[in-house]
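Asks: First residue of the sequence shown? That's 550 in this note's numbering, and the numbers climb one at a time after it.
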Amino acid sequence: MGSSRGPGCVGRWLGLVGAAAAIATLLLSGCAGPGGRLVRYPSNESSGLNSIHGDWEPHHGGRYIALVTERRGIQEIVLFDTRSQRSIPLPGLNRADSLVGQPSASADGEFIAFAAVRAGRSDIYLYQRSAQQSRNLTARLNSAVRHPSLSERGDRVAFEVSVNGQWDLSIVDRAGRPLNIPTNPR
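1) I'd like the span of the beta strand (DSSP E) that includes residue 687, first residue to last.
2) Whole angstroms is fine: what's the gap from residue 649's alpha carbon to residue 624's?
3) Thinking C-beta only, is residue 706 closer than 7 angstroms to residue 694?
4) Per DSSP, what kind of secondary structure is residue 650 in: helix, strand or coil?
5) As an exercise, report each continuous beta strand (DSSP E) stretch of at least 3 residues that is fully enclosed by the stretch 601-669, in chain order.
6) On the criterion of 16 or more Cβ atoms from any shown chain inside 10 Å, does residue 616 qualify as buried, or is it exposed?
7) Residues in its own chain within less than 6 angstroms of residue 656 by CB, not counting five upstream and five downstream?
8) So residue 634 and residue 697 are in contact, right, with Cβ under 8 angstroms, and what is the actual spacing, rounded?
9) If you count every other CB in all the chains shown that lies within 10 Å of the CB of residue 679, and 16 or more means buried, which is it?
10) By DSSP, does residue 730 sit in helix, in strand, or in coil?
11) Could you have a look at residue 693 and say whether DSSP puts it in helix, strand or coil?
12) Around the C-beta of residue 699, are 16 or more other C-beta atoms found within 10 angstroms, so that it is buried, or is it exposed?
13) Mark residue 672 as exposed unless 16 or more other C-beta atoms lie within 10 angstroms of its C-beta, in which case mark it buried.
14) Does the beta carbon of residue 713 come closer than 7 angstroms to any beta carbon on chain C?
15) Return helix, strand or coil for residue 680, following the three-state DSSP convention.
16) By Cβ distance, which residues of its chain are closer than 7 angstroms to residue 665, with the 5 residues on each side in sequence left out?
17) Can you look up residue 704 in the DSSP assignment and give me helix, strand or coil?
18) Can the beta-carbon of residue 659 be found closer than 7 angstroms to that of residue 703?
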């Protein structure tokens, strides 16, 4: 009986690996967009974008990148300024009694929408940097919520809300007041 690992099998395998590498290169080069470029940010434990710790859920809102990190041994949201290449302090946002995630920043970095679990309840919050305060936008909802997405101006937050076992979309203003969503948008 012949071996299934003959020269023809190895050649086919190498051909598949080469094709996969070529496809991956094409796909990854498309990440920079038409005429774009791949931007690398420096690693810096205290204020840079990359670190040896877990960093995830990035949201790029123009000049600013909001992300979740574990740099200080706790899960917290960080706002990174791509011009100065430094993290911006967010006093009042990250609290010891909360598990935060899914940040979304306005274009000017003044507002950050995020999901948080406090006392076993998930809510969507809007943090205002100049006031150094967060507002619970979903306190009146008796449903699970997730995935906030902040408008460029920071005046509207879209998110998912669990209604009767189904995830629906909701949009609120900065005060948490619901905005009308057309049921048949055109």
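Beta carbons: idealized from backbone N, C-alpha and C, even for Gly.
Replies: Working from what's here:
1) Per DSSP, residue 687 belongs to no beta strand (DSSP E) and is neither H nor E.
2) 7 angstroms
3) Going by C-beta atoms, residue 694 is not nearer than 7 angstroms to residue 706.
4) strand
5) 604-609, 613-618, 625-630, 635-637, 647-654, 660-667
6) buried
7) 610, 611, 701
8) Not a contact, Cβ separation roughly 26 angstroms.
9) exposed
10) Coil.
11) coil
12) buried
13) buried
14) The chain inventory of the structure shown lacks chain C, comprising one protein chain alone.
15) coil
16) 647, 648, 649, 672, 674
17) If DSSP states are grouped into helix, strand and coil, residue 704 belongs with coil.
18) yes
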